[in-house]
Amino acid sequence: MPFKSKAQRRKFAELLVEGKITDDQYEEWNRSTGKKVLPERIHPKAAPKKAKSRKATAKKQTKK
């Protein structure tokens, strides 16, 4: 199964260094990916939502 993103490739390289996967497993994924240009992430992290600003309503003051 090919890598889907650069982040996934880095994660598998980390697992390889930690000894959680074998060199053969990593190389199989790497070969199946080929020379594709991968995106940094498949699902980019959501941008922080902006707080809704409330417009202050000016109250008309009547002078008596």
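In this note's numbering, the protein residues as written are 4 to 67. Backbone N, C-alpha and C define an ideal beta-carbon position, used for all residues, glycine too. Note that the coordinates shown come from a computational prediction; the quantities given were computed from them, not determined experimentally.
### Task
Whole angstroms is fine: what's the gap from Pro8's alpha carbon to Lys55's?
Position 5 of the sequence shown, counted from the start, is the residue given in the question as residue 8. Position 52 of the sequence shown, counted from the start, is the residue given in the question as residue 55. Reading off the sequence shown, one finds Ser at residue 8, where the question assumed Pro. Rounded to the nearest angstrom, the two C-alpha atoms are 34 Å apart.
### Query
Are the beta-carbon atoms belonging to Phe6 and Thr36 less than 8 Å from one another?
Here the question's residue 6 lines up with position 3 in the sequence shown. Here the question's residue 36 lines up with position 33 in the sequence shown. For Phe6 and Thr36, yes; Cβs fall inside 8 Å.
#### Entry: Cut-off 8 Å between Cβ atoms - residues of its own chain near Arg44, not counting five sequence neighbours on either side
For the purposes of this step, residue 44 is identified with residue 41 of the sequence shown, where counting begins at 1. These residues qualify, in order along the chain: Ser8, Lys9, Ala10.
### DSSP three-state assignment for Val20, whether helix, strand or coil
Taking the sequence shown and counting its residues from 1, the one referred to as residue 20 is at position 17. DSSP places Val20 in helix when its eight states are reduced to three.
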